[in-house]
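*Asks:* Numbers given in our numbering equal positions in the sequence shown, counted from 1, plus 570. Even for Gly, the Cβ is constructed at its ideal location relative to N, Cα and C. This one's a predicted model, so the numbers in the text were calculated from it and none came from an experiment.
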Amino acid sequence: MKTQKVILVTGASKGFGLEIAKTALAAGDKVIATVRSKADELAASLNNNPNLLVVTMDVTNEEQVKAAVEEGVAYFGNVDVLINNAGYGIVTAIEEATDAETKAQYATNVFGLLNVTRAVLPHLRAQKSGHIINISSLFGYDAYPGWALYGSTKFAVEGISKGLALELAPLGIKVTAAAPGLFSTDFLSAESYTAGKNIIEDYATTVGPMRAGADQLHGNQPGDPKKLAQVLVDLAHNENPPLHLPIGKDAAGMFKANSEKVNKEVDQWLAVSTSTDHDHVTTN
Numbered sequence: 571m572k573t574q575k576v577i578l579v580t581g582a583s584k585g586f587g588l589e590i591a592k593t594a595l596a597a598g599d600k601v602i603a604t605v606r607s608k609a610d611e612l613a614a615s616l617n618n619n620p621n622l623l624v625v626t627m628d629v630t631n632e633e634q635v636k637a638a639v640e641e642g643v644a645y646f647g648n649v650d651v652l653i654n655n656a657g658y659g660i661v662t663a664i665e666e667a668t669d670a671e672t673k674a675q676y677a678t679n680v681f682g683l684l685n686v687t688r689a690v691l692p693h694l695r696a697q698k699s700g701h702i703i704n705i706s707s708l709f710g711y712d713a714y715p716g717w718a719l720y721g722s723t724k725f726a727v728e729g730i731s732k733g734l735a736l737e738l739a740p741l742g743i744k745v746t747a748a749a750p751g752l753f754s755t756d757f758l759s760a761e762s763y764t765a766g767k768n769i770i771e772d773y774a775t776t777v778g779p780m781r782a783g784a785d786q787l788h789g790n791q792p793g794d795p796k797k798l799a800q801v802l803v804d805l806a807h808n809e810n811p812p813l814h815l816p817i818g819k820d821a822a823g824m825f826k827a828n829s830e831k832v833n834k835e836v837d838q839w840l841a842v843s844t845s846t847d848h849d850h851v852t853t854n
């Protein structure tokens, strides 16, 4: 018989977060859903489910994060699974991105994730169990022009997840970096991603198509967000979850293609890479 979990999911007002909350509730789990505003509206849209607590929380506000996590733990008694889902994208060339745009992107996608993780971990450590699922992206496996700044935040999420997994394994806490491909959420809607304000014409051939293509792709992505939500809720109940989980054929394909590309390049330059030891150093 499946054990009921208390799942905390950030960014639950729409997209993946909303679908995860719906799916978890349907599975009989308890859900702490965080939103930046209009908590009552989300609760009402989910029929004020008794297994649901909606809390107001901006992941970039550390004190608000701590208070929201404590409210959720007090309400349900504990937390078993954290799904760090809150985030947004920006389409811009690296050079085009302003300091403010860059810091805002990292404030939510990286530092916000860390704020929530730090607030939840004392509870997971106390019970010597739990699972942290960090939502990464296929853009965290390889770079695309125009999406490289956003992708760099997901590279950071991948690295943070790998480090956390090593640090938390002795404490009975699992970590997964789940990397969705392109899914038909509102991620590419005007409310969910931003376009850099500064445009440099020299990037028209590389970044330009990405600026135009985002609107055209919106609503035509191959992935079904309901199926992704089911994968993640099932994952939350898995006793032996993976550290890396690409979700979608495009994400799995990008992971494999990038691994092959990097391996080929390393092999090609291996003689140079291994030529830098002191002459007296010998290797077995």
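1) What does DSSP give as the partner residues of lysine 600 in its beta bridges?
2) Please report the residue range of the alpha helix (DSSP H) in which alanine 582 lies.
3) Since asparagine 654 is in the beta strand (DSSP E), which residue starts that stretch and which ends it?
4) Return the chain-ordered ranges of every alpha helix (DSSP H) run that is complete within the stretch 640 to 714 and spans a minimum of 4 residues.
5) Is the stretch 690 to 700 in contact with the stretch 800 to 809, if contact means three or more CB pairs nearer than 8 Å?
6) Give a yes or no on contact between the stretch 683 to 690 and the stretch 628 to 639, applying the rule of three or more CB pairs nearer than 8 Å.
7) Pull up the distance between the alpha-carbon of proline 779 and that of isoleucine 769, whole angstroms please.
8) On the three-state DSSP scale, how would you describe threonine 626?
9) Alpha carbon to alpha carbon, what distance is there between tyrosine 714 and methionine 824?
10) Serine 607 to threonine 630, Cα distance in whole Å?
11) Just reading off the beta strand (DSSP E) that isoleucine 743 is part of, what are its end residues?
12) Which residues in the same chain as valine 643 place their Cβ atom closer than 7 Å to its Cβ, once the five residues preceding and following it in sequence are excluded?
13) So valine 803 and alanine 594 are supposed to be a Cβ contact under 8 Å. How far apart are they, rounded?
14) Which residue wins for smallest C-alpha separation from valine 651, given the options Asn619, Val576 and Gly659?
15) Would DSSP call leucine 758 helix, strand or coil?
*Replies:* Put simply:
1) Val576
2) Alanine 582 -> no alpha helix (DSSP H), and no H or E assigned at all.
3) 651 to 654
4) 669 to 676 and 683 to 697
5) no
6) yes
7) 13 Å
8) strand
9) 11 Å
10) 14 Å
11) 743 to 750
12) Val649 and His693
13) 5 Å
14) Val576
15) Caution is warranted here: a pLDDT of 48 is assigned to leucine 758, below 50, making its placement in the model unreliable, and no coordinate value can be reported.
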